[in-house]
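Report on one structure; see the data block that follows.
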Amino acid sequence: MLITCLPNVATQVGAYRIMSGNKFHYPVGNPDLPAEEEVKWRAELLRSALKVLQTPVEAPTVFEK
Amino acid sequence: MELELFDFHVDDIQWGDRTSLVGSQLSVSHAEIQEQIKDLTGNIKWNAELARPGESKRIIHVLDTLIPIAKLGEEHRTFPGIDCPARLVGTGQTARLRNVLVTIAGNFPHTEVMTPIEKPREGLIDMSGVGARYCHGSDYFHIVLTLEGEAALSNLAFDQALRSIGVRVARYLAGVQKSGAASERKTIRLDQVQSKLPKVVLIYQVQSQIPLVRTFYYGEEISKTLPSFVHPNEFIDGAVVSGTYKSERKIPTSLHCANPFIEEMLKRHGSEINFLGVILSRGYNDSFEQKKKMGLWSARMARILGADGAVAMMEGTGNTTVDFMQTVKACEEEGIKTVAVMHEDNGARGYERPLVDHPVEADAMVSRGNRSEKLLLPPLDEVIGGEEIDLHLKAKHDPHTPLFFDPTIFFGAHCQMGASGFRAAYES
Amino acid sequence: MAKVLHYLNQFFAGIGGEEKAGQEFLFLPKPAGPGVLLHDLLKDGQIEYATVVCGDNYFHEHEETVLASLTEVIAQFQPDLFIAGPAFHAGRFGLACAKSASFVRERFEVPAITGLYEENPGTREIGRHVLVIQTGSSAASMQSTIKRFAELAVLLLNNDQESLELFKEEFCLRIPRRFTVQAAAADSVRALDMLMTKLRGEVFESEIPRVAAAPHPVPAAIQNLSQATLAMVTEGGLVPLGNPDRLESSRGTKYFKYSIEERDDLRPGEFEAMHTGYDTSTVNADPDRLIPVDAMRRLERDGNFARLHNYYYVTTGTGAMPAKMQELGVGIAEELSTSGVNGVVLTAT
């Protein structure tokens, strides 16, 4: 699955499982948070990503976090 | 807001003892230029050369170009906020050397500490030959100032210096003594028009993100700003100045000052359209949500102004296309009929999808051509500005040998391909 | 006296079959294979005819070298016409024909023609102005195809534009691609004209069509994630400090894999991002913000999935052409598949 800040571009290219990232300079980063908080945040984001991997789709789909 | 504009055209440019415009002959004194910029060139090695349309000259490492513009008979300065305190511009009288450019070329002192996004891109100006129609500046007379930043200077200091140097020389040249020189006189104002004419705005999306990749309005970088309403006269007086070095995809300062879209809309004002003014907006926002919001804000401003239609154009490429298309989409959703101008990236052999992002709402597109199509570029006789062409960080190239490359090697290529009337179309 | 240069593979040149697919680039100062018939059909026009030969595999494994050798031949022989193939349905040969003909036309402005079956993958590599005669799928139609080549060759050598258009209509493959052409006015003028038309509610034609991407099959969802091996891939240009493999900072031409074995997270100062399309400073300060090793290790330890693959894969996407990225993607997918990876998390900047 794809974590991107440009989900509309991803659907047009034909990627099937898409999730929005944070900013395009750091798609799975959250530098505003203190270090340990950021890792927790990132783990939660990836946990959602894992759910997406287990979800059947038929067309390019943007999943909410 | 009324501006009286005096456009002088030159037929030739030569070195001379004094800087002056006699008839249509521009003489430039090296010593006088040196005097003008002496407090700005600390730790900068520089030299000056001239270039004329049609000459077999290739200028390399072009960073920016500026049209000589000066206010007449007042304290106010053009390019407000750059190398002078800011005052409002766009009224009074302005003189321009309309077909002359102050061209800043050269190298930053410390490219080795720049992150990839900060690095300037190579930009060529070919004064004749195949490339001349792809680069901005081939039909102008140039004073080329090649600047080499020395080790003691920081990149930011060089960035500031080059901008100040360009602006100071541009003001100086436009302000020189003119004898026997005829000028074209125009009054620029957005008169009230009969209400039957459609109200139209120009949406002008620029790039401004981080130092070395910025655009300035009255000398302030606009990197984190909201869309603003700007009067076309402000552009003419140099209120918008380029501080980005993404050569082929940038809007050079000279094109901020003399923009074909603004000029076309001024021309049609009162006869075909009611030109309301310019919405200065900014692309390269950091996330999809932010891109969408910039689009919403621009559309909201257009709606509040009462626009029936909009022409939208942008600086840059890649992810900023999304900001741009979100703007087009938002305008259409607000009932503002929009035409959008874009370059295409169809690949060297024309197979690729033209645009990075193309929503359904963008149904009125004007093309600037396929910027990935490669050109056979024979060498020109003389090279100004350096010894080697940088092929976008991938290789170096001897400018005296033939080059097979796409228009992205040319300074201001996106704008110029549009101005040259190029577009892309299907061929079998 | 006109000069014709003809590109053939090892088979059609009579050197050998598949066992000779590694044949090095060869110049023959005479026609060979189907070139003999073609030369014969053109004999009235006083033609000097030469052939270049390359093995089907050799071309693709040494493309740069082959094109360099071809450049030397062009410089010396100075052909007026370049012919490649016909390749019919042969894929490797068709690609080589397309690439060599396009190279010659693009770099030297020598008219170039080839002959392909419409499904030949070479049809995806045809440069501007290269003419592709439509052929059948089998070389059984060689004779009639060569006659077509001869007709077209004569039209090109005589620069008969009108007949050329008619010939193209009837006998050439239509491969629509987008190229730069000259419009009647500057973009600013056309934009205002189009706006006026749109505002009046009249019909206008948009200059850039919306083009859908070619569809491909949907990957099935992972059934049993707790037993799955997952890998991370990015186009964000993250490489070990010093960029040992010289990944480009835009338009990556290769992909690389780097080990994360026994790493619980990625440390600053050990990696850097080579990418001109985003501000890399935040990722450089903590590379997990692009390749989320720390988060994935946590999820692996908690049993959400079985194993995090030992390597992450990287290329640089900014400014890249989709076709190239697709090629790299296929390579990465093959390696991951062979390594037993079941699912991928891709991060894009």
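For the record, the sequence lines run as chains X, W and E. Counting in this note's numbering, the first sequence runs from 324 upward without gaps. Counting in this note's numbering, the second sequence runs from 439 upward without gaps. Counting in this note's numbering, the third sequence runs from 10 upward without gaps. Even glycine gets a Cβ: it sits at the ideal position worked out from N, Cα and C.
Looking at the structure shown, is E/Asn351 part of a helix, part of a strand, or coil, going by DSSP?
-> On the third sequence, residue 351 of chain E is found 342 positions in, with the first residue counted as 1. Reduced to three states, the DSSP call for E/Asn351 is coil.
Nearest residue (CA-CA) to E/Leu247, options E/Glu174, E/Ser259 and E/Leu239 = On the third sequence, position 238 is the one that residue 247 of chain E refers to. Among E/Glu174, E/Ser259 and E/Leu239, the Cα nearest to that of E/Leu247 belongs to E/Ser259.
Where does the unbroken alpha helix (DSSP H) through W/Pro491 begin, and where does it stop?
-> Within the second sequence, residue 491 of chain W is the residue found at index 53, counting from 1. Where W/Pro491 is concerned, there is no enclosing alpha helix (DSSP H), given that its DSSP letter is neither H nor E.
If you draw a straight line from the alpha carbon of E/Ala11 to that of E/Gln85, how long is it in whole angstroms?
-> As a first step, residue 11 of chain E must be located in the third sequence, where it is residue number 2. As a first step, residue 85 of chain E must be located in the third sequence, where it is residue number 76. Distance between the alpha carbons of E/Ala11 and E/Gln85 is about 14 angstroms.
Per the contact definition of three or more C-beta pairs closer than 8 angstroms, is the stretch 806-824 of chain W in contact with the stretch 775-795 of chain W?
-> Taking 8 angstroms as the limit for Cβ pairs, the verdict is that the stretch 806-824 of chain W does touch the stretch 775-795 of chain W.
DSSP three-state assignment for E/Glu279, whether helix, strand or coil | For this step, residue 279 of chain E is matched to residue 270 along the third sequence. Correct three-state label for E/Glu279: coil.
With W/Asp450 and W/Gln463 assumed to form a contact (beta carbons below 8 angstroms), what rounded beta-carbon distance in angstroms separates them?
-> Residue 450 of chain W sits at position 12 when you count from the first residue of the second sequence. Residue 463 of chain W sits at position 25 when you count from the first residue of the second sequence. Confirmed, Cβ separation roughly 5 angstroms.
Would you check if the distance between the CB atom of W/Glu753 and the CB atom of E/Arg137 is smaller than 8 angstroms?
-> For the purposes of this step, residue 753 of chain W is taken as residue 315 along the second sequence, with counting starting at 1. For the purposes of this step, residue 137 of chain E is taken as residue 128 along the third sequence, with counting starting at 1. Not a contact, by the Cβ cut-off of 8 angstroms.
Identify, in the order they occur along the chain, each residue of the same chain with its Cβ nearer than 8 angstroms to the Cβ of E/Leu234, setting aside the five sequence neighbours on each side.
-> Here the question's residue 234 of chain E lines up with position 225 in the third sequence. Hits under 8 angstroms: Asn313, Phe314 and Gly352.
Starting from the Cα of W/Pro554, find the closest Cα among E/Ala282, E/Glu72, E/Thr356 and E/Gly326 and give me that residue.
-> Within the second sequence, the letter at position 116 stands for residue 554 of chain W. Closest option to W/Pro554, Cα to Cα, is E/Ala282.
Completely contained alpha helix (DSSP H) runs for the stretch 602-687 of chain W, where each covers 4 or more residues | Runs of the alpha helix (DSSP H) inside the stretch 602-687 of chain W: 670-674.
Three-state secondary structure (DSSP) of W/Arg496 | Taking the second sequence and counting its residues from 1, one reaches residue 496 of chain W at position 58. DSSP places W/Arg496 in strand when its eight states are reduced to three.
What residues of chain E sit near W/Pro698, judged by a beta carbon separation below 7 angstroms?
-> Within the second sequence, residue 698 of chain W is the residue found at index 260, counting from 1. Within chain E, the residues near W/Pro698 are Ala195 and Ser197.
For E/Asp169, which three-state DSSP category applies?
-> Counted from its first residue, the third sequence places residue 169 of chain E at position 160. Residue state, collapsed to three classes: coil.
Are the C-beta of X/Phe347 and some C-beta of chain C separated by less than 8 angstroms?
-> Considering every chain present, this structure includes no chain C. Its protein chains are X, W and E.
Check the DSSP bridge columns for W/Ser462 and list the partner residues they point to.
-> What you label residue 462 of chain W is simply residue 24 of the second sequence in a count that begins at 1. Per DSSP, none; premise fails for W/Ser462.
Output yes or no for whether 8 angstroms exceeds the beta carbon distance between W/Leu441 and W/Ile700.
-> In the second sequence, counting from the first residue as 1, residue 441 of chain W sits at position 3. In the second sequence, counting from the first residue as 1, residue 700 of chain W sits at position 262. Not in contact: W/Leu441 and W/Ile700 (Cβ atoms no closer than 8 angstroms).
E/Glu174 to E/Ile92, Cα distance in whole Å?
-> On the third sequence, position 165 is the one that residue 174 of chain E refers to. On the third sequence, position 83 is the one that residue 92 of chain E refers to. Using only the alpha carbons, I get a separation of about 19 angstroms.
Can you tell me where the alpha helix (DSSP H) with E/Asp202 in it begins and where it stops?
-> For the purposes of this step, residue 202 of chain E is identified with residue 193 of the third sequence, where counting begins at 1. Per DSSP, E/Asp202 belongs to the alpha helix (DSSP H) from Asp196 to Leu208.
Count the other C-beta atoms from every protein chain shown that fall within 10 angstroms of the C-beta of E/Glu244, then say buried if there are 16 or more, exposed otherwise.
-> Taking the first residue of the third sequence as 1, we reach residue 244 of chain E at position 235. By the beta-carbon neighbour count (other beta carbons within 10 angstroms, threshold 16), E/Glu244 is buried.
Determine, using beta carbons only, whether E/Gly103 comes closer than 8 angstroms to chain X.
-> On the third sequence, position 94 is the one that residue 103 of chain E refers to. No, E/Gly103 does not count as interfacial toward chain X.
Output, in sequence order along the chain, the residues in the stretch 794-811 of chain W whose CB is closer than 8 angstroms to any CB in chain X.
-> Within the stretch 794-811 of chain W, the residues whose Cβ lies closer than 8 angstroms to some Cβ of chain X are Val794, Asp795, His796 and Pro797, listed in chain order.
Whose CA, out of W/Tyr578, W/His468 and W/Ile774, lies closest to the CA of W/His447?
-> As a position in the second sequence, residue 447 of chain W is number 9, starting the count at 1. Of W/Tyr578, W/His468 and W/Ile774, the residue nearest in Cα terms is W/Tyr578.
Would you decide whether E/Gln87 is buried or exposed? Buried here means 16 or more other CB atoms lie within 10 Å of its CB.
-> By 1-based counting over the third sequence, the position of residue 87 of chain E is 78. Burial state of E/Gln87 is exposed, judged by a 10 Å Cβ sphere holding fewer than 16 other Cβ atoms.
Inter-residue spacing [alpha-carbon to alpha-carbon] between E/Pro331 and E/Asp295 | Indexing the third sequence from 1 puts residue 331 of chain E at position 322. Indexing the third sequence from 1 puts residue 295 of chain E at position 286. Near 29 angstroms, if we compare the C-alpha coordinates of E/Asp295 and E/Pro331.
Neighbourhood of X/Leu356 by C-beta distance below 7 angstroms, restricted to the same chain and skipping five residues each side = Your numbering for residue 356 of chain X matches position 33 in the first sequence. Its chain contains Trp364 as the residues whose beta carbon lies nearer than 7 angstroms to that of X/Leu356, once the 5 sequence neighbours on both sides are disregarded; these appear in chain order.
Ends of the beta strand (DSSP E) at W/Gly587?
-> Counted from its first residue, the second sequence places residue 587 of chain W at position 149. Run containing W/Gly587: Phe579 to Gly587, per the beta strand (DSSP E) assignment.
Can you list, in chain order, the residues of its chain whose CB lies under 8 angstroms from that of W/Ala524, leaving out five sequence neighbours each side?
-> Position 86 of the second sequence holds residue 524 of chain W. Here the set comprises Pro518, Tyr656 and Gly657.
CA-to-CA distance, E/Thr325 to E/Lys263, given in whole angstroms | Numbered from its first residue, the third sequence carries residue 263 of chain E at position 254. Numbered from its first residue, the third sequence carries residue 325 of chain E at position 316. Cα to Cα, E/Lys263 sits roughly 9 angstroms from E/Thr325.
With a cut-off of 8 angstroms, does the C-beta of W/Phe726 fall near any C-beta of chain X?
-> Within the second sequence, residue 726 of chain W is the residue found at index 288, counting from 1. At least one chain X Cβ lies under 8 angstroms of W/Phe726.
Answer yes or no: does any C-beta atom of chain E fall closer than 8 angstroms to that of W/His694?
-> In the second sequence, counting from the first residue as 1, residue 694 of chain W sits at position 256. With respect to chain E, the C-beta atom of W/His694 has no partner C-beta closer than 8 angstroms.
Is the stretch 491-511 of chain W close to the stretch 562-575 of chain W, with three or more CB pairs under 8 angstroms?
-> When Cβ pairs closer than 8 angstroms are counted between the two stretches, the stretch 491-511 of chain W is seen to touch the stretch 562-575 of chain W, the count reaching three or more.
Is there contact between the stretch 505-515 of chain W and the stretch 538-553 of chain W, where contact requires at least three CB pairs shorter than 8 angstroms?
-> At 8 angstroms Cβ cutoff, the stretches touch.
At least one CB of chain W closer than 8 angstroms to the CB of X/Ser343: is that the case?
-> Within the first sequence, numbered from 1, the residue matching residue 343 of chain X stands at position 20. Chain W, which has a Cβ nearer than 8 angstroms to the Cβ of X/Ser343, makes this yes.
With a cut-off of 8 angstroms, does the C-beta of E/Ile184 fall near any C-beta of chain W?
-> The residue you call residue 184 of chain E lines up with position 175 of the third sequence. Yes, E/Ile184 counts as interfacial toward chain W.
In the structure shown, what three-state DSSP assignment does W/Lys509 receive?
-> Looking up residue 509 of chain W in the second sequence gives position 71. For W/Lys509, the secondary structure class from DSSP, reduced to helix, strand or coil, is strand.
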